[in-house]
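Student: This is the structure I want to talk about, given as structure tokens.
Number of protein chains: 2
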Amino acid sequence: MDVPVPDAAILSRKPAIVARLRAVLPRDAVIDDPAETRAYECDALSAYRMQPLAVVLPRTTAEVAAALRVCWEEGVPVVPRGAGTSLAGGSMPTADAVVLGIARMNGVLETDYDNRFIRVQAGRTNLSVTGAVEAEGFFYAPDPSSQLACAIGGNIAMNSGGAHCLKYGVTTNNLLGVTLVKMDGTVVEIGGPWMDAPGLDLLGVVCGSEGQLGVVTEATLRILPKPEGARPVLMGFSSNEVAGACVADIIKAGLLPVAIEFMDRPCIRACEAFAKAGYPDCEALLIVEVEGSPAEIDEQLAAITAIARRHDPVALEQATDEAHAKRIWLGRKSAFGAMGQINDYMCLDGTIPVSTLPQVLRRIGELAADFGLEVANVFHAGDGNMHPLILYNANKPGDQERCEALGAEILKLCVEVGGCLTGEHGVGIEKRDLMGVQYRPADLEAQMRVKDVFDPKWLLNPAKVFPLAVSAGRRAG
Amino acid sequence: MDVPVPDAAILSRKPAIVARLRAVLPRDAVIDDPAETRAYECDALSAYRMQPLAVVLPRTTAEVAAALRVCWEEGVPVVPRGAGTSLAGGSMPTADAVVLGIARMNGVLETDYDNRFIRVQAGRTNLSVTGAVEAEGFFYAPDPSSQLACAIGGNIAMNSGGAHCLKYGVTTNNLLGVTLVKMDGTVVEIGGPWMDAPGLDLLGVVCGSEGQLGVVTEATLRILPKPEGARPVLMGFSSNEVAGACVADIIKAGLLPVAIEFMDRPCIRACEAFAKAGYPDCEALLIVEVEGSPAEIDEQLAAITAIARRHDPVALEQATDEAHAKRIWLGRKSAFGAMGQINDYMCLDGTIPVSTLPQVLRRIGELAADFGLEVANVFHAGDGNMHPLILYNANKPGDQERCEALGAEILKLCVEVGGCLTGEHGVGIEKRDLMGVQYRPADLEAQMRVKDVFDPKWLLNPAKVFPLAVSAGRRAG
């Protein structure tokens, strides 16, 4: 992957820039010793690393605004960072950038159970949002796999989803408002805690904009009452096509499970070897989970298993108690760990129309064979968000390059059938060079004009989302 | 209300402008005879009228683009119009504008039941979208009261809701993509039929933008499988406060009825006199409707009536059959007609946090007494979208002015408690002078900069949304 050329003038002015940051921030909020900034040299796309110019760790919106104002005046790029769990390199530093980490901003500002919202600082971790309200019987719905670590600010930047988002929607569907600091340090409020926030709906543009438009410092989130219970059913099928057809029929019937997770044979085998969850030996597995009262659960699962039976399942197993439910989820939840133990892998994140699932899975198999690599599929099937895992050997020369080439082909396939390069991981640095597959130059130009309005100097989260050649030209003005 | 001053230069060039429109559109698609354009002089805010310069009635996106390009080149304002049912004057003409009516664009372009969407031309009426898919067991959820007449394009412009939107969301939650023609005639696609449409989420900005950014000519809408059944329950309470507290408790408990409708005593009396639905004589009525299978309905209504009983209802009546259900809805559905028979009225459309309902209803009563007018309240209580009806006598000098002054006070109250000037009717011409109550000048400036990007000459839907003095300055450049 190309490395952006740092601005030598910024590098040479480092002491002055750091001094200005120190003048407006508390003593412990500015780090410039390379031994300490090393922790920020990459995120979860750890194949790529770069030491930043400096790191700031503010505690309040006012401190974020002060830091951004200095960088704005000095013309220094800023990389906003939540918890650094991006799989797409969404918070990857450049050498001439200041990383703005919001992990210290983890407070709860307000909870309102009557109106069902919570307001938090954006560095708060996803799971601890639920932690703050669960004693009252509420929860925050979006549940990315990294929810123990990832920050709400990062969730907003990437419009994160999760296994249970089929029913409850992804981040954008559970986000009510944000406090956004623009690159020049001005603070704006967008949306708000009630229905029908006034004015143009700019919240949608901010959510999923990957830190290109501003830094979200506070967020108002919808909270939901916890369901009475939940129960998964495990289904095995004789082929990916049949499992895909079963998913399409469940969706078409208007049933709304909280999750429909799909695993193909390579994934089942790896998980079974690792977690020993007792999965049946078959070509494709679905885990379908429903929530509600016992009567609602019974009724929904009756309808879902009736549909499954029409597709001749080789296994059909409803959880009988809590321990059984945990076992059914165990394999799926350890899928990425299991894969990591036996292989290096690259996790893709394309979306496709649900109805094209069988066709896309078949074509991925053919592509994998062409490249001489294996692909394991594990994904949120209900909403068409795929996570093909390409298995490779990082120590074998040329394998990573072949892996990246196959990944690009699979993502092109997603776009070809009417889908999208990314569902929930974002474009980051990982997919910036593929943007031309999805967009004509005029489309990219339109998106960049939106960034022009929010960040006219193109200082925010550099070298992400847009192809390097294009964004470098923009920054030069 | 102030009338915008027409551009005399445009009026004098009318023959040339009409000739250019005729050159690019079919013979029957351009109307300039004042006898024929009279039908377009107002929408449902019929107290205000103005004959437009001309009217164009295109049949395709290409014809819309051609008409807009002519107006762009000639510097002529354009008023997009769906079915003309706006209660806020959202498609009110100015004397120097061309009305662009999309009523002829009512075709179905594509239905896809596997992926649960329909693509229609934007002039199609709301109810006939459901009409196109109901044989297959599907429906389109948002249901504005005017759904028999109103167009999808207008629904998108105003982000329309309806009685059943508590569960299913309003237009923005059921809109997947649009074809938008910009004022200069360029055609852009925003969003698309699948989850996670690529790129910045500009769909939210377009939805609810009241024709200020472009003309939506085609829309991709989510369709849902029809529920097995539905059942309403009627509840009477001894005061607005108690009924309001009951609504708040239902919402807080996480129950999700499809509708919670609220009527206060003046409204109950008028409806009962008109429709004879057999409503109990009480201070406040709620109609709560749930959907699902018989078992789901029973379970939800059991939980809801248990909550209601804690608030000492003076009446609690669950529909026993279809006829009974119809009777329960009859009074509510005829509320506006009933009011219109005994009074002139002005229908407001503010939103408030659900938890402030009792306090806001009490304050509205006090304000009405101060102004010597009566206010009847009927509204979507579940999501805090109020429709206070101010009753007045149009033939009594000064009554309409007092009515408008009281309306302004009530909307200010909505903003004061944390709500919003408009829930689903839009700002239009009706509330443009109140925008300063909700926004500081800098906020309005930010919204206008978004319009600058889409419509730099400020030709689209003139004299709406922003205070006249502000928008006139913008158009002059």
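Protein chains in written order, with this note's numbering: chain H, 1009 to 1485; chain C, 1009 to 1485.
Note that beta-carbon positions come from the ideal geometry of N, C-alpha and C, so glycine has one too.
Nothing here was measured: the structure is a model prediction, and the numbers come from that model.
Does any residue of chain C have a CB that is nearer than 7 Å to the CB of H:Pro1012?
Tutor: The count along the first sequence starts at 1 and reaches residue 1012 of chain H at position 4. So, not an interface residue.
Student: Determine the burial state of C:Pro1396: buried for a count of at least 16 other Cβ atoms within 10 Å of its Cβ, exposed for fewer.
Tutor: As a first step, residue 1396 of chain C is located in the second sequence; it is residue number 388 there, counting from the start. Buried: at least 16 other Cβ atoms inside 10 Å.
Student: Per DSSP, H:His1172 is paired with what?
Tutor: For this step, residue 1172 of chain H is matched to residue 164 along the first sequence. H:His1172 is not bridged to any residue.
Student: In the DSSP assignment, the alpha helix (DSSP H) including H:Pro1042 goes from what residue to what residue?
Tutor: Within the first sequence, numbered from 1, the residue matching residue 1042 of chain H stands at position 34. Unbroken alpha helix (DSSP H) run through H:Pro1042: 1042-1045.
Student: With a CB to CB cut of under 8 Å and the five nearest residues on each side skipped, what residues in its chain are close to C:Arg1273?
Tutor: By one-based count along the second sequence, residue 1273 of chain C stands at place 265. Once the five neighbours on either side are set aside, the close Cβ partners of C:Arg1273 are Cys1290, Glu1291, Ala1292.
Student: Does H:Asn1391 pass the burial test, meaning 16 or more other C-beta atoms within 10 Å, or should it be called exposed?
Tutor: The residue labelled residue 1391 of chain H in the question sits at position 383 within the first sequence. The sequence shown places Asp at residue 1391 of chain H, rather than the Asn named in the question. The residue is buried, with at least 16 neighbouring Cβ atoms inside 10 Å.
Student: Which residues share a DSSP beta bridge with C:Gly1109?
Tutor: Walking along the second sequence from the start, residue 1109 of chain C turns up at place 101. Note: C:Gly1109 sits in a beta bridge opposite C:Arg1089.
Student: Tell me which residue opens and which closes the alpha helix (DSSP H) that C:Gly1237 is part of.
Tutor: Stepping through the second sequence from its first residue, residue 1237 of chain C is reached at position 229. Segment 1237-1245 is the beta strand (DSSP E) holding C:Gly1237; no alpha helix (DSSP H) there.
Student: With H:Gly1092 and H:Gly1436 assumed to form a contact (beta carbons below 8 Å), what rounded beta-carbon distance in angstroms separates them?
Tutor: Translated into positions along the first sequence, residue 1092 of chain H becomes position 84. Translated into positions along the first sequence, residue 1436 of chain H becomes position 428. 12 Å between Cβ atoms; not a contact.
Student: What residues match up with C:Ile1126 in a beta bridge as DSSP calls it?
Tutor: The count along the second sequence starts at 1 and reaches residue 1126 of chain C at position 118. In DSSP, C:Ile1126 forms a bridge with C:Thr1119, C:Leu1229.
Student: For the beta strand (DSSP E) containing C:Gln1500, list its first residue and its last residue.
Tutor: Given a span of 1009 to 1485 for chain C in the structure shown, any question on residue 1500 of chain C remains unanswerable.
Student: Have a look at the DSSP bridge pairing and note the partners of C:Asp1451.
Tutor: Residue 1451 of chain C sits at position 443 when you count from the first residue of the second sequence. DSSP lists no partner for C:Asp1451.
Student: Counting only the same chain and skipping the five closest in sequence on each side, list residues whose C-beta sits under 6 Å from that of H:Asp1257.
Tutor: Here residue 1257 of chain H refers to the residue found at position 249 when the first sequence is read from its first residue. Excluding positions up to five away in sequence, the list reads Ile1315.
Student: Counting only beta-carbon atoms, is C:Asp1441 nearer than 7 Å to chain H?
Tutor: For the purposes of this step, residue 1441 of chain C is taken as the residue at position 433 of the second sequence. Chain H, which has no Cβ nearer than 7 Å to the Cβ of C:Asp1441, makes this no.
Student: Give me, in chain order, the residues of the same chain whose beta-carbon lies closer than 6 Å to that of C:Arg1089; leave out the 5 immediate sequence neighbours on both sides.
Tutor: As a working mapping, residue 1089 of chain C is identified with position 81 in the second sequence. The residues are Ser1099, Val1107, Gly1109.
Student: If you follow the beta strand (DSSP E) that C:Thr1068 is part of, which residue opens it and which one closes it?
Tutor: Within the second sequence, the letter at position 60 stands for residue 1068 of chain C. Looking at the DSSP string, C:Thr1068 is not in any beta strand (DSSP E), and its letter there is neither H nor E.
Student: Please list, in chain order, the chain C residues whose beta carbon lies closer than 7 Å to that of H:Ala1303.
Tutor: On the first sequence, residue 1303 of chain H is found 295 positions in, with the first residue counted as 1. Those within 7 Å of H:Ala1303 in chain C are Ala1303, Glu1307.
Student: Under the assumption that H:Ala1073 contacts H:Val1038 (Cβ atoms under 8 Å), give the Cβ distance between them as a whole number of angstroms.
Tutor: Working through the first sequence from its first residue, we reach residue 1073 of chain H at position 65. Working through the first sequence from its first residue, we reach residue 1038 of chain H at position 30. With 8 Å as the limit, H:Ala1073 and H:Val1038 do not qualify as a contact, their Cβ atoms being about 15 Å apart.
Student: Using alpha carbons as the reference points, say which of H:Gly1219, H:Pro1042, H:Val1383, H:Arg1318 lies closest to H:Ala1253.
Tutor: Along the first sequence, one-based indexing puts residue 1253 of chain H at 245. If we check each option's Cα against that of H:Ala1253, H:Arg1318 comes out closest.
Student: Does the region 1181-1198 of chain H come close enough to the region 1460-1470 of chain H that 3 or more CB-CB pairs lie under 8 Å?
Tutor: Because the criterion of three Cβ pairs below 8 Å is met, the region 1460-1470 of chain H and the region 1181-1198 of chain H touch.
Student: By the 8 Å beta-carbon criterion, what residues does the region 1076-1089 of chain H contribute toward chain C?
Tutor: So nothing in the stretch comes that close.
Student: Using alpha carbons as the reference points, say which of C:Asn1181, C:Asn1182, C:Asn1114, C:Asp1192 lies closest to C:Leu1468.
Tutor: Position 460 of the second sequence, counting from 1, holds the residue named residue 1468 of chain C. For the residues C:Asn1181, C:Asn1182, C:Asn1114, C:Asp1192, the minimum Cα distance to C:Leu1468 belongs to C:Asp1192.
Student: Quick one: what does DSSP say C:Met1456 is sitting in, helix, strand or coil?
Tutor: Against the second sequence, residue 1456 of chain C aligns to sequence position 448. Helix, per DSSP.
Student: Taking C-beta to C-beta, are C:Val1296 and C:Pro1265 nearer than 7 Å?
Tutor: For this step, residue 1296 of chain C is matched to residue 288 along the second sequence. For this step, residue 1265 of chain C is matched to residue 257 along the second sequence. For C:Val1296 and C:Pro1265, yes; Cβs fall inside 7 Å.
Student: Within the same chain, show all residues whose beta-carbon is closer than 7 Å to that of C:Gln1408, passing over the 5 residues directly before and after it, in chain order.
Tutor: On the second sequence, residue 1408 of chain C is found 400 positions in, with the first residue counted as 1. Tyr1400, Ala1402, listed in sequence order.
Student: For the candidate residues C:Met1166, C:Gly1244, C:Ile1231, whose alpha-carbon lies nearest to that of C:Gly1212?
Tutor: On the second sequence, residue 1212 of chain C is found 204 positions in, with the first residue counted as 1. Measuring from the Cα of C:Gly1212, the nearest candidate turns out to be C:Met1166.
Student: For C:Ala1140 and C:Ala1333, what's the separation of their Cα atoms in angstroms?
Tutor: For the purposes of this step, residue 1140 of chain C is taken as the residue at position 132 of the second sequence. For the purposes of this step, residue 1333 of chain C is taken as the residue at position 325 of the second sequence. Each residue's alpha carbon lies about 25 Å from the other.
Student: Would you say H:Cys1254 lies against chain C (beta-carbon separation less than 7 Å)?
Tutor: In the first sequence, the residue the question calls residue 1254 of chain H occupies position 246. It does not; no Cβ of chain C falls within 7 Å.
Student: Going along the region 1346-1370 of chain C in order, which residues come within less than 8 Å of chain H, judged by CB to CB distance?
Tutor: Taking 8 Å as the Cβ-Cβ cut-off against chain H, the residues of the region 1346-1370 of chain C that qualify are Thr1359, Ile1360, Pro1361, Val1362, Ser1363.
Student: How many Å lie between C:Tyr1287 and H:Gly1237 at the Cα?
Tutor: The residue you call residue 1287 of chain C lines up with position 279 of the second sequence. The residue you call residue 1237 of chain H lines up with position 229 of the first sequence. For C:Tyr1287 and H:Gly1237, the distance between alpha carbons rounds to 38 Å.
Student: Closer than 9 Å, Cβ to any Cβ of chain C: which residues of the region 1116-1128 of chain H, in chain order?
Tutor: Result list: Asp1120, Tyr1121, Asp1122, Asn1123, Arg1124.
Student: Between the region 1452-1473 of chain C and chain H, which residues of the former have a C-beta closer than 8 Å to a C-beta of the latter?
Tutor: Per Cβ criterion, the list reads Ala1454, Gln1455, Arg1457, Val1458, Val1461.
Student: Kindly provide the ranges of any alpha helix (DSSP H) runs that are 4 or more residues long and lie completely inside the region 1342-1401 of chain H, ordered along the chain.
Tutor: Whole alpha helix (DSSP H) segments, 4+ residues: 1343-1350, 1365-1379.
Student: Can the beta-carbon of H:Arg1057 be found less than 7 Å from the beta-carbon of H:Glu1044?
Tutor: Stepping through the first sequence from its first residue, residue 1057 of chain H is reached at position 49. Stepping through the first sequence from its first residue, residue 1044 of chain H is reached at position 36. No; because the gap between Cβ atoms is not below 7 Å, this pair is not in contact.
Student: Mapping DSSP to helix, strand and coil, what is C:Val1298?
Tutor: Mapped onto the second sequence, residue 1298 of chain C falls at position 290. Residue state, collapsed to three classes: strand.
Student: Three Cβ pairs or more, each shorter than 8 Å: is that satisfied between the region 1296-1311 of chain H and the region 1295-1310 of chain C?
Tutor: Yes: the two stretches touch, three or more of their Cβ pairs being nearer than 8 Å.
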